[in-house]
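When you read off a place in the sequence shown, starting at 1, and then add 57, the result is the number in our numbering. For every residue, glycine included, the Cβ atom is placed at its ideal position computed from N, Cα and C. Note that the structure is a prediction, hence the values are computed from the model and not measured.
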Amino acid sequence: MVARCQFSLLPEDIGKLLQTNAKCQKKSGATQQEIMGTLRGTFSDSPELKKHLFCLGVKLDFISKDGVFQKELIRDKMAVIVPDESQLEDLLEKCLMETENAADSVYQSIRCFAKQNLLPQ
Numbered sequence: 058m059v060a061r062c063q064f065s066l067l068p069e070d071i072g073k074l075l076q077t078n079a080k081c082q083k084k085s086g087a088t089q090q091e092i093m094g095t096l097r098g099t100f101s102d103s104p105e106l107k108k109h110l111f112c113l114g115v116k117l118d119f120i121s122k123d124g125v126f127q128k129e130l131i132r133d134k135m136a137v138i139v140p141d142e143s144q145l146e147d148l149l150e151k152c153l154m155e156t157e158n159a160a161d162s163v164y165q166s167i168r169c170f171a172k173q174n175l176l177p178q
């Protein structure tokens with residue numbers, strides 16, 4: 058599966074993401090190839106990538122350490138690229154998947170957003 062992304066991050070989000078990405082990569086052991094693959098819609102099923110994405114989610118306040126998505130924050134960020142409220146709610150309902158494993162929840166949710174062409178380039 059290859060998804061093309063249709064929006065760019067805000068400048069203030071890019072800086073925070075880059076700093077956080079480096080910290081999470083050290084912690085998770087995910088390879089740069091795995092991480093960059095997610096931006097192209099290619100997802101490795103490795104535990105390291107899942108741990109990396111969970112780390113990013115926690116540090117960027119998108120999910121709590123115990124695996125609960127911060128839906129209001131996510132909704133606010135996504136509203137910039139999905140202005141139709143009904144479409145946004147449908148998308149969040151579809152893609153925010155809480156499973157028994159928090160790292161897997163983030164992984165599955167990001168894969169879903171990628172399938173919808175909603176990851177940054």
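- Selection Q76, Q89, Q90, T95 evaluated against N174 yields T95 as nearest (Cα-Cα).
- Residue state for F100 is assigned as coil, using DSSP reduced to three classes.
- For T156, no alpha helix (DSSP H) segment is defined, and its DSSP state is neither H nor E.
- Residue E155 holds the alpha-carbon nearest to the alpha-carbon of F126 among E69, I167, E155.
- By the Cβ criterion, the region 92-112 is not in contact with the region 144-155, since fewer than three pairs of Cβ atoms, one from each stretch, lie closer than 8 Å.
- In this structure, the beta-carbon distance from L110 to V163 falls below 9 Å.
- If only uninterrupted alpha helix (DSSP H) runs of at least 4 residues are considered, those enclosed by the region 73-155 are 89-96, 104-116, 128-136, 142-152.
- Here C81 is near K116, since their CB atoms are less than 9 Å apart.
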